[in-house]
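Each position in the sequence shown, counted from 1, maps to that position plus 212 in this note's numbering.
Heads up, the thing below is written out as structure tokens.
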Amino acid sequence: MTIPTTDLTPPDVIRCAYAELIVSDLAEARAFYVGVLGLVVTDEDENAIYLRAFEEYLHHSLILRKGPVPALSVLAYRVRSAAELDVAAAYYADLGVRVERKPAGFTRGIGEAVRIQDPLGFPIEFFYEAEHVERFTRRYDVQGAGAISRLDHFNVVTPDVPAAVAYYEGLNFKVSEDIEDSDKTVYAAWMYRKATVHDVALTGGDGPRMHHIAFATHERSQILHLCDHLGAIRQSDKIERGPGRHGVSNAFYLYLLDPDGHRIEIYTHDYYTGDPDNPTLTWDVHDNQRRDWWGTPVVPSWYANASTVLDLEGNPVDSVARTDDREADVTIGADGFSYTRADDVTTGFKLGAQL
């Protein structure tokens, strides 16, 4: 994959801010995201539902929009000021990608925005202005035992992880952790703007596709409650993987599948990355503790399945095959549940050079 470059200043991205998913049945999607996950409905109509988590004060962090093909419609990043929209438009025009200026209100609750299909093939939006709504941080009267606090990150699948890392480094994202083998094949990388482990993770595979969207809770007990809730309503089949603790990020996790198969992670307890000399942690692909600190094998579907992404006109983007080795080839054996570790690996990871 060849990534275009420019000498222009990139937009000043603050953090990942919202995602829009196309779903086939709004009522079923609402039952999952509101009835099970407990997200707050900011607004809704016959075509879309606008949701946020309890600590969020922007209009939404997730849009569910009815459409013919379940897919990712947009990933949105908030920039530092309205002036950064002009910076974004100039930056991407110089990269040679399609740039669209969207007026305030094009997306309900969002001000003027710039949308592009980035060099990796993903539909991306940059915005600053947004409608403010009630922050439910202290509304313990409406928070459930599994309360979700905020959107945390996106995870996307791309066939060329080093090229994708270079693209995001051009946007001044930094790498917190990555996975390599002895031949320096890069299988995945975690990149951040806010002071957590990541705003976006880059997973090697056929893409562009969306692997998952992650929401954070404050406590592990809230994730366990969600598991109990799903069991109680006889929907434990929506649990794809977990609960467990990642080696990468150190976070406690749970992966769920919504009614259309979109993957949602519930995530807590990663670490601070805000110092300018925060080091990169590199994991050996043969160390199973990178994906699960307890060594629990990863289910094959977690590597194989991901959501289609749409272009700016709403058409599915063709997936390009990954040519480098796939992590699943190293991790998953004939039975689908192999446990691997290189003979010369002791700790399984090492501190890389600081960024």
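Glycine included, each C-beta is placed from N, C-alpha and C at the ideal position.
Taking the alpha carbon of Glu582 as the point to measure from, which residue in Ala231, Tyr404 and Arg351 has its own alpha carbon closest? With the chain covering only 213 through 567, there is no way to say anything about residue 582.
Check: In this structure, does DSSP put Ile425 in helix, strand or coil?
Finding: As a first step, residue 425 is located in the sequence shown; it is residue number 213 there, counting from the start. Correct three-state label for Ile425: strand.
Worksheet item: Which class does Ala546 belong to by DSSP, given the choice of helix, strand or coil?
Response: Along the sequence shown, one-based indexing puts residue 546 at 334. The predicted model places Ala546 with a pLDDT of 43, which falls under 50 and marks its position as unreliable, so this point remains unresolved.
### Message
In this structure, how does DSSP classify His365 when only helix, strand and coil are distinguished?
### Response
Start at 1 with the first residue of the sequence shown, and residue 365 comes out as number 153. If DSSP states are grouped into helix, strand and coil, His365 belongs with the strands.
Review point. Taking just the CA atoms, how far does Glu452 sit from Trp514?
Key: Counting from 1 along the sequence shown, the entry for residue 514 is found at position 302. Counting from 1 along the sequence shown, the entry for residue 452 is found at position 240. The straight-line gap from Cα to Cα measures roughly 8 Å.
What's the C-alpha gap between Ala546 and Leu251?
Looking up residue 546 in the sequence shown gives position 334. Looking up residue 251 in the sequence shown gives position 39. Because Ala546 sits at a pLDDT of 43, beneath the cut-off of 50, its placement in the model cannot be relied upon, and the following sentence gives the value as read from the coordinates. Each residue's Cα considered, the two are about 39 Å apart.
- Closer than 6 Å by C-beta to Ala357: which residues in its own chain qualify, once you throw out the five before and the five after it? Chain order, please. Against the sequence shown, residue 357 aligns to sequence position 145. So the list reads His437, once near-sequence residues are dropped.
- [ ] Spell out the partners DSSP gives Phe464 in its beta bridges.
- [x] One-based indexing of the sequence shown puts residue 464 at position 252. For Phe464, which the question treats as bridged, DSSP gives the partners Arg457 and Thr480.
Glu312 versus Ala407 - alpha carbon distance
In the sequence shown, residue 312 corresponds to position 100, counting from 1. In the sequence shown, residue 407 corresponds to position 195, counting from 1. Rounded to the nearest angstrom, the two C-alpha atoms are 29 Å apart.
Query raised in the report: Do Tyr465 and Gly473 have their C-beta atoms within less than 8 Å of each other?
Result: Indexing the sequence shown from 1 puts residue 465 at position 253. Indexing the sequence shown from 1 puts residue 473 at position 261. It is not a contact, given that the beta carbons lie outside the stated cut-off.
| Quick one: any contact between the stretch 361-369 and the stretch 423-430, if contact means 3 or more CB pairs under 8 Å? | yes
Exercise for review: Can you tell me the Cβ-Cβ gap for Ala518 and Pro371, rounded? I've got them flagged as a contact below 8 Å.
Suggested key: Mapped onto the sequence shown, residue 518 falls at position 306. Mapped onto the sequence shown, residue 371 falls at position 159. So it is not a contact: roughly 12 Å between Cβ atoms.
Using beta carbons (cut-off 8 Å, strictly below), is Pro315 in contact with chain D? As a matter of chain content, chain D is missing from the structure shown, which is built from one protein chain.
Which residues bound the alpha helix (DSSP H) around Pro335?
-> Taking the sequence shown and counting its residues from 1, one reaches residue 335 at position 123. Here Pro335 belongs to no alpha helix (DSSP H); instead the beta strand (DSSP E) covers Pro335 to Phe339.
Q | Residue(s) in a DSSP beta bridge with Gln329 | A | Sequence index remark: in the sequence shown, residue 329 carries index 117 (1-based). Per DSSP, Pro335.
query: If you compare alpha carbons, which of Gly333, Asn462, Val299 and Ser433 is closest to Leu383?
result: Position 171 of the sequence shown, counted from the start, is the residue given in the question as residue 383. When each option's Cα is compared against that of Leu383, the closest is Val299.
- Helix, strand or coil at Arg290 according to DSSP, with G and I counted as helix: Working through the sequence shown from its first residue, we reach residue 290 at position 78. Looking at Arg290 - three-state DSSP - the assignment turns out to be strand.
Burial state of Val409, where buried means 16 or more other Cβ atoms lie within 10 Å: As a first step, residue 409 must be located in the sequence shown, where it is residue number 197. Under this definition Val409 is a buried residue.
_Once DSSP output is grouped into helix, strand and coil, what is the label at Trp505?_
Along the sequence shown, read from residue 1 onward, the residue named residue 505 stands at position 293. Trp505 falls in the coil class under three-state DSSP.
- Query: Terminal residues of the continuous beta strand (DSSP E) containing Gly416?
  - Reply: The residue labelled residue 416 in the question sits at position 204 within the sequence shown. First-last of the beta strand (DSSP E) with Gly416: Val412 to Gly416.
Notebook entry, point to check: For the beta strand (DSSP E) that Arg534 lies in, which residues bound it at each end?
Noted result: For this step, residue 534 is matched to residue 322 along the sequence shown. Counting along the chain, Arg534 falls outside any beta strand (DSSP E), and DSSP gives it neither H nor E.
When burial is assigned at 16 or more other CB atoms within 10 Å of the CB, is Asp390 buried or exposed?
The residue you call residue 390 lines up with position 178 of the sequence shown. Buried, since its Cβ has 16 or more Cβ neighbours within 10 Å.
ask   = Hey, out of His271, His441, Tyr380 and Ala243, whose CA is closest to Thr319's CA?
value = Position 107 of the sequence shown, counted from the first residue, corresponds to residue 319. Answer by Cα proximity: His271.
Notebook entry, point to check: Once you ignore the five residues that flank Gly323 on each side, which residues in its own chain have a CB closer than 7 Å to its CB?
Noted result: In the sequence shown, counting from the first residue as 1, residue 323 sits at position 111. Closer than 7 Å at Cβ, skipping near neighbours: Ala316, Phe339, Tyr340, Glu341 and Ala342.
May I ask you to report which of helix, strand or coil DSSP gives Tyr304? Position 92 of the sequence shown holds residue 304. Helix.
Suppose the cutoff is 6 Å on Cβ atoms and the five residues either side in sequence are ignored; what does the same chain contact list for Arg264 look like?
What you label residue 264 is simply residue 52 of the sequence shown in a count that begins at 1. Counting only Cβ-Cβ distances below 6 Å, and skipping sequence neighbours, we find Val252, Thr254, His272 and Ser273.
Just to confirm my understanding: we take Ala305, look at its own chain, exclude 5 residues before and 5 after, and list those with CB closer than 8 Å. What are they? What you label residue 305 is simply residue 93 of the sequence shown in a count that begins at 1. Hits under 8 Å: Val311.
Within a Cβ cutoff of 7 Å, which residues of the same chain sit near Leu220, ignoring the five residues on either side of it in sequence?
Taking the first residue of the sequence shown as position 1, residue 220 is located at position 8. Excluding sequence neighbours, Leu220 sits near Ala302, Tyr303 and Asp306.
With burial defined as no fewer than 16 other Cβ atoms inside 10 Å of the residue's Cβ, what is the status of His458: buried or exposed? What you label residue 458 is simply residue 246 of the sequence shown in a count that begins at 1. Looking at its Cβ environment, which holds 16 or more other Cβ atoms inside 10 Å, His458 is buried.
Fill in: His441, DSSP secondary structure in three states
Counting from one through the sequence shown, the residue named residue 441 turns up at place 229. Reduced to three states, the DSSP call for His441 is helix.
Q. Tell me which same chain residues have a C-beta within less than 7 Å of the C-beta of Met213, skipping the five on either side of it?
A. Numbered from 1 along the sequence shown, position 1 holds the residue referred to as residue 213. Pro371, Asp372 and Ala375, listed in sequence order.
I believe Val286 touches Pro335 by the beta-carbon criterion, under 8 Å. Please report the beta-carbon distance rounded to the nearest angstrom. Reading the sequence shown from its first residue, position 74 is the one you call residue 286. Reading the sequence shown from its first residue, position 123 is the one you call residue 335. Contact flag correct, Cβ pair sits at about 5 Å.
8 Å Cβ cutoff met for Val326 and Val368:
What you label residue 326 is simply residue 114 of the sequence shown in a count that begins at 1. What you label residue 368 is simply residue 156 of the sequence shown in a count that begins at 1. Not in contact: Val326 and Val368 (Cβ atoms no closer than 8 Å).
- Report buried or exposed for Ser461, applying the criterion of at least 16 other Cβ atoms within 10 angstroms of its Cβ. As a working note, residue 461 is residue 249 in the sequence shown. Label assigned to Ser461: buried.
Check: Would Ala401 be called buried (16 or more neighbouring beta carbons within 10 Å of its own) or exposed?
Finding: Along the sequence shown, read from residue 1 onward, the residue named residue 401 stands at position 189. Buried, since its Cβ has 16 or more Cβ neighbours within 10 Å.
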